[in-house]
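K.L.:
Below you will find the structure I want to go over with you.
2 protein chains.
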Amino acid sequence: MNPASTTDSPLSQRTACPVTRAQTIMAGKWKIVLLWHLSTGTKRFHELEQLLPGISKGILTRQLRELEADSMINRRVYREIPPKVEYSLTEIGHSFLPILDQMAAWSNQHFPPES
Amino acid sequence: MNPASTTDSPLSQRTACPVTRAQTIMAGKWKIVLLWHLSTGTKRFHELEQLLPGISKGILTRQLRELEADSMINRRVYREIPPKVEYSLTEIGHSFLPILDQMAAWSNQHFPPES
DNA sequence: CTGTATCCGTTGGGATACTG
DNA sequence: CAGTATCCCAACGGATACAG
Numbered sequence: 001m002n003p004a005s006t007t008d009s010p011l012s013q014r015t016a017c018p019v020t021r022a023q024t025i026m027a028g029k030w031k032i033v034l035l036w037h038l039s040t041g042t043k044r045f046h047e048l049e050q051l052l053p054g055i056s057k058g059i060l061t062r063q064l065r066e067l068e069a070d071s072m073i074n075r076r077v078y079r080e081i082p083p084k085v086e087y088s089l090t091e092i093g094h095s096f097l098p099i100l101d102q103m104a105a106w107s108n109q110h111f112p113p114e115s
Numbered sequence: 001m002n003p004a005s006t007t008d009s010p011l012s013q014r015t016a017c018p019v020t021r022a023q024t025i026m027a028g029k030w031k032i033v034l035l036w037h038l039s040t041g042t043k044r045f046h047e048l049e050q051l052l053p054g055i056s057k058g059i060l061t062r063q064l065r066e067l068e069a070d071s072m073i074n075r076r077v078y079r080e081i082p083p084k085v086e087y088s089l090t091e092i093g094h095s096f097l098p099i100l101d102q103m104a105a106w107s108n109q110h111f112p113p114e115s
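Taken in sequence, the protein lines are chains C and P.
Per UniProt numbering: the first sequence = residues 1 to 115.
Per UniProt numbering: the second sequence = residues 1 to 115.
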């Protein structure tokens, strides 16, 4: 319905600050855990839905679309009946995983789970 | 005015996921840039206010209080007239800076500022 | 100088019904 | 199966007036 922008790319949210650009990409309630699950391989829509208990279809779709717009994941559509859609990490998505690892290490060091 | 919780610590937002714990701490429109400015040394309230053009006092106060509750910054109050308050990074806050560096490097590599 | 109190508009997640 | 469309609500940032 948008006149000249069918794909609102969050990449347009580029700020001057590179850290903020990265933070914006992973902002969103389910994005980090989505990247985490996709790091182990390609997943279908309903697989992700089951891996994220409590998420609604609409939200899952939005988060996936935003990650796709940010070049973090691939969305491959098989035009079959019934439909089949597979999601996987892009190369950029994979390159982001070390950051998640470092964040996890930092959290566990300074804010241990079971203090 | 709160019955039993004058300090709402975002640390209570500890989720099972360590990455999400870290992400929650830096979530907030001005927190990253606040940490960045404090990385160069102690700053007073009005200094930070000037370094962050467009922020309102209320928001600046909230973001600083949340970072303090997350043990990322220290708040030192000098009981003088006029008042003087200094903010500085804690050790935990300092230990977070390498993550910001890695995020900046990743952003600049994959989403360069002037493509 | 360093806040607090209040209100307001926007954004984002959630729930549900419906569709190709 | 994999969405879309719609409405709702809570959380957050922002602006302003006031206070210690």
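Using N, Cα and C, we set each Cβ at its ideal position, and we do this for glycine too.
Quick caveat, the model's predicted, so the values are computed rather than measured.
Could you list which residues in chain C have their beta carbon closer than 7 Å to that of Asn108(P), in chain order?
P.N.:
Result: Pro18.
K.L.:
By DSSP's criteria, Arg44(C) is part of a beta bridge. Which residues make up the other side?
P.N.:
Bridge partners of Arg44(C): Glu86(C).
K.L.:
Taking only runs that begin and end inside the region 57-115 of chain P, name each unbroken beta strand (DSSP E) of 3 or more residues, in chain order.
P.N.:
Fully enclosed beta strand (DSSP E) runs of 3 or longer: 73-78, 84-89.
K.L.:
Within this structure, are the beta carbons of Ser71(P) and Ile92(P) separated by less than 8 Å?
P.N.:
Cβ distance < 8 Å, so Ser71(P) and Ile92(P) count as in contact.
K.L.:
If you drop the 5 nearest sequence neighbours on each side, which residues of the same chain put their C-beta closer than 6 Å to that of Glu76(P)?
P.N.:
The question names Glu, but residue 76(P) in the sequence shown is Arg. Excluding positions up to five away in sequence, the list reads Glu86.
K.L.:
Check for me: the alpha helix (DSSP H) holding Trp36(P) runs from which residue to which?
P.N.:
Trp36(P) -> alpha helix (DSSP H) spans 31-38.
K.L.:
Name the chain P residues whose beta carbon is nearer than 8 Å to that of Ile32(C)?
P.N.:
The answer, in chain order, is Cys17, Val19, Thr20, Gln23.
K.L.:
Only counting the same chain, and skipping five residues up and downstream in sequence, which positions put a Cβ closer than 7 Å to that of Asn2(P)?
P.N.:
Model confidence at Asn2(P) stands at a pLDDT of 34, short of 50, so the residue's coordinates are unreliable; what they give is reported in the following sentence. Here the set comprises nothing.
K.L.:
Tell me the rounded alpha-carbon separation between Ile59(C) and Leu34(C).
P.N.:
Straight-line Cα distance between these residues: approximately 12 Å.
K.L.:
Would you kindly work out how many angstroms separate the C-alpha atoms of Ile81(C) and Arg21(P), rounded to a whole number?
P.N.:
Going from the Cα of Ile81(C) to the Cα of Arg21(P) covers about 41 Å.
K.L.:
Could you check whether the Cβ of Ser39(P) sits closer than 8 Å to any Cβ belonging to chain C?
P.N.:
So, not an interface residue.
K.L.:
Short of 6 Å in beta carbon distance, which residues of its chain neighbour Glu68(P), apart from the five on each side in sequence? Order them along the chain.
P.N.:
Cβ neighbours of Glu68(P) beyond the five flanking positions: Arg75.
K.L.:
Beta carbons nearer than 7 Å to chain P: which residues of the region 69-98 of chain C have them?
P.N.:
Going along the region 69-98 of chain C in chain order, one finds Ile92, Ser95, Phe96 with a Cβ nearer than 7 Å to chain P.
K.L.:
To which residues of the same chain is Trp36(P) closer than 8 Å at the C-beta, ignoring the five residues directly before and after it?
P.N.:
Contacts found: Leu100.
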